[in-house]
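Some notes on the structure that comes next.
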Amino acid sequence: MPVEYKLFNIPLLARNLMASRQPPVQPSVPPEFSDDVSRNISDWSIDNGEPLNSKGQTLPEFADFWLSSRPHCLVPAAVIDVQDETWLSGNLDKQGERWKQLREFLGSDAATNAAIKAEAELYGAKFGSTQKGRKPGTKPEADSADKGGPNNAWSEAYAKRHGQDAAYAERARLMRTLGLKACTSMAAAAGRTITGAVLKK
713 MPVEYKLFNI PLLARNLMAS RQPPVQPSVP PEFSDDVSRN ISDWSIDNGE PLNSKGQTLP
773 EFADFWLSSR PHCLVPAAVI DVQDETWLSG NLDKQGERWK QLREFLGSDA ATNAAIKAEA
833 ELYGAKFGST QKGRKPGTKP EADSADKGGP NNAWSEAYAK RHGQDAAYAE RARLMRTLGL
893 KACTSMAAAA GRTITGAVLK K
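Using my numbering, the final residue of the sequence shown is 913, and nothing's skipped along the way.
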């Protein structure tokens, strides 16, 4: 049986993990966290397919530890409430109000348009559409079917059909849009951990 070698981009995993965190963090935090992990990459190793640091912490455990001394990195609860109210309602007036709030904070139309588009995508919504979004970390009903099959980015069938690089890219996209909890469930349905390692039986 041939030996299988896998490359783990731990800083990228760290970035995707932080980007999909719920409650959410400030936009600057995922790259900052990834850079911190990258600077100290010698502290990290792979144990049974999972990144583990020299203190025995997994990436999610280290992320919580890292954030514990940086409360400014978290998005205030009031902001989350406004985001939920805007994107779960499908209300165009609320979207307009949210655009004005972001415009006042960001200072330019271009930055505001990019920010509101990204925020809407987190909820599976679209700016200017009355279609209701969904809470980040949840998944559409359609995604619940055939979770371990060829449409699951963590499945072997998906990698065979689209290629391993495309599978990695799709996993990263799903972690950003669906959140860590939903993606962990999808990976488990395919017999994998969220990093792609085979689950122990």
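Note that beta-carbon positions come from the ideal geometry of N, C-alpha and C, so glycine has one too.
These numbers come from a predicted model, not from an experiment.
CB contact flag (Thr896, Gly761, <8 Å): By the CB criterion at 8 Å, Thr896 and Gly761 fall outside the cutoff.
Proximity winner among Arg782, Phe839 and Leu892, relative to Glu809 (alpha-carbon distances): Among Arg782, Phe839 and Leu892, the Cα nearest to that of Glu809 is on Phe839.
Under the three-state DSSP convention, the category Thr896 falls into: Reduced to three states, the DSSP call for Thr896 is helix.
Neighbourhood of Ser746 by C-beta, 8 Å cutoff - its chain only, sequence neighbours within 5 removed: Residues Pro723, Leu724, Ala726, Arg727 and Met730 of the same chain have their beta carbon placed closer than 8 Å to that of Ser746, with the five preceding and five following residues left out of the count.
Nonlocal neighbours in the same chain, by C-beta distance under 7 Å from Pro772, ignoring five residues either side: Setting aside the 5 residues that flank it on each side, Pro772 is surrounded in the same chain by Leu729, each with a C-beta closer than 7 Å to its C-beta; the list follows chain order.
Distance between Ser732 and Phe774 (C-alpha atoms, nearest Å): Between Phe774 and Ser732, the C-alpha separation is close to 15 Å.
Other residues of its chain near Ile828: CB distance less than 6 Å, five sequence neighbours each side excluded: Exclusion of the five residues before and after Ile828 leaves Trp811, Leu814 and Phe839 as the residues of its chain whose Cβ lies within less than 6 Å of its Cβ.
Segment limits, alpha helix (DSSP H) that includes Ser750: Counting along the chain, the alpha helix (DSSP H) containing Ser750 begins and ends at Val741 to Arg751.
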